[in-house]
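**Q** Let me give you the structure first, and then I'll get to my questions.
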Amino acid sequence: MIIVALSLGGCASKSSEISAAYVSPIPYQSYTLGCLLGSQLGIHLRRVGSGTRYTFTNPGEQLLDKWMAQHAFVGWVETENPWHVEAEILSSAVTLPLNLAGKAKPETTLWLKAARAAARQQADQLEVIANNGGPRRSHIVRSAI
């Protein structure tokens, strides 16, 4: 079982009400979950656009979104300084098996890095996709808890 912890924040509806906010770079640096679930979901990492960006294409990302909607536990806390909360979590005793930065454990990161490298190597052998598959927005209906 793969446990994914996501930190979400809300935003105002008017652009004039949106202030600068810290966004952790960790989720955007990693495509670990897609690499681990690729075979199960039938998705493959691909190079898109100019060939320097890697993605599972929008249809693949939608499948990951659906998987996370069914299997991931999501929680959030509104805070003025989310980087403090992130640092506190990373320095705690909580084990984050998909985390390759911060408090990464070698026994976990070795096989995760190998899975990512294999997916990237496979993507490098495939043709670059000019169009990444259309809009990512899926039509998942979530019920309130």
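In my numbering, the protein residues as written are 1019 to 1163. The C-beta atom is built at its ideal place from N, Cα and C for all residues, glycine as well. Values in this document were obtained by computation on a predicted structure and should not be read as measured data.
1. Can you list, in chain order, the residues of its chain whose CB lies under 6 Å from that of Val1146, leaving out five sequence neighbours each side?
2. Could you give the distance in angstroms between the alpha-carbon of Leu1051 and the alpha-carbon of Gly1078?
3. Which term fits Arg1071, buried or exposed, when burial requires 16 or more other beta carbons within 10 angstroms of its beta carbon?
4. Got a sec? Which residues, its chain only, sit under 8 Å from Leu1144 by beta carbon, not counting five neighbours each side?
5. Would you say Val1103 lies against chain B (beta-carbon separation less than 8 Å)?
6. Can you tell me where the alpha helix (DSSP H) holding Gly1056 begins and where it ends?
7. Would you identify the three-state DSSP class for Gly1078, choosing helix, strand or coil?
8. Between Gln1140 and the rest of its own chain, which residues show a CB-CB distance below 8 Å, the 5 nearest in sequence each way excluded?
9. Please go through the same chain and pick out, in chain order, the residues whose beta-carbon is closer than 6 Å to the beta-carbon of Leu1116, but skip the five residues on each side of it.
10. Helix or strand or just coil, what does DSSP make of Thr1113?
**A** According to the structure shown:
1. Arg1065, Gly1069
2. 12 Å
3. exposed
4. His1062, Arg1064, Arg1065
5. Although the question refers to chain B, the structure presented lacks it and comprises just one protein chain.
6. 1050-1059
7. helix
8. His1062, Leu1063
9. Thr1050
10. coil
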